[in-house]
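Heads up: the protein sequence lines correspond to chains A and B, in order. Under my numbering, the first residue of the first sequence carries the number 1, and numbering increases by one thereafter. Under my numbering, the first residue of the second sequence carries the number 130, and numbering increases by one thereafter. Every residue, glycine too, gets a C-beta built ideally from N, C-alpha and C.
2 protein chains.
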Amino acid sequence: MFDFVDAYDRAYEIAAAQHDMTVAQACVLGRISKPRGMRDLADELRCDASNITQIVARLEARELIERHANPEDRRARQLIRTPAGDALNAAFERSFEFARNASATLTADEQNELALLLRKALGQPMVDG
Amino acid sequence: MFDFVDAYDRAYEIAAAQHDMTVAQACVLGRISKPRGMRDLADELRCDASNITQIVARLEARELIERHANPEDRRARQLIRTPAGDALNAAFERSFEFARNASATLTADEQNELALLLRKALGQPMVDG
DNA sequence: TATTGTTATACTCTATAACTATA
DNA sequence: TATAGTTATAGAGTATAACAATA
């Protein structure tokens, strides 16, 4: 189990590095498929809001995302991906083929069984298999 | 799969924090069950030797490990855990019950099946199940 | 010459605390 | 008063480069 998690984590880091991103940056970029606020993002990633400020600043400097004003709440910001951000995120996801490669060695039945066991071991339903 | 890996990583980090360690520190401490050199450790963790120097310095400051001279090669150091280091590592492992908790919700047959699938998905044998 | 380990330095992630602007 | 986000700051992980001691 440890080795599996380790391999997964490494694959994620390598894929991010291939696109000059850190794990944290790839993670944030991947979670802005729709416009959203920074507080929301900090809650989802269970980290302090000041982290998000910094990571967003780095992604913004590369023009991968933009911070727009929110007309409904003038304290808040709406994060959106630029077309370049969309493209880089898609490229990152193609690079991060760990899940696909891992699954490719299993039959369809085995993939279903694995998803089922992981879900049960986790004790709660996963968002997507 | 992502959620499973995420939960595993979080459990590891929380367990380390419960004993005032970072993930990197718990990882290094856990890998010195027998005396070993720093180059060896850096290779296993796939990081630069200078990282090991720093992490070891922090563990040594807490008297959890010691750096001994190696009579066979006077350039090298042998890292060993102190009794306090052994005790803390054991306590950490008890705290990191993710694997046990996760497995507890599975039957013995399911546990075997999961280990088998993960091994196959990983494409190489795991060191220990 | 090559290797082990250290030091200096720089970048990033992360959190805390203090702050501004808005609700 | 409470919340969204920023700024300043500090500790830790990480890598690179230069170095000393030894092989």
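- Three or more Cβ pairs closer than 8 Å define a contact, and the segment 108-116 of chain A meets that threshold against the segment 245-254 of chain B.
- The beta carbon of L235(B) is closer than 7 Å to those of L243 in its chain, skipping five residues each way along the sequence.
- For E13(A), same chain residues with a beta-carbon under 6 Å away, outside a window of 5 residues either side, are V23 in chain order.
- Taking one beta carbon from each stretch, the segment 34-43 of chain A and the segment 73-80 of chain A have 3 or more pairs nearer than 8 Å; the two touch.
- Using a C-beta cut-off of 8 Å, the segment 155-164 of chain B makes contact with the segment 174-186 of chain B, since at least three inter-stretch Cβ pairs fall below that distance.
- Under a 10 Å Cβ-count criterion, A15(A) is classified as buried, with 16 or more other Cβ atoms of the shown protein chains found around its own Cβ.
- Taken atom to atom, the span from the alpha-carbon of F92(A) to that of E60(A) is near 17 Å.
- At a cut-off of 8 Å, the C-beta of G123(A) has a neighbouring C-beta in chain B.
- Collapsing the DSSP output to three states places I181(B) in a helix.
- Against chain B, the beta carbon of D109(A) has no neighbour under 9 Å; the closest one sits roughly 11 Å away.
- By the criterion of a C-beta distance shorter than 8 Å, N199(B) is surrounded in its chain by G166, A205, R206 and Q207, once the five residues flanking it on both sides are discounted.
- Residue range R77 to R81 is occupied by the beta strand (DSSP E) that includes R77(A).
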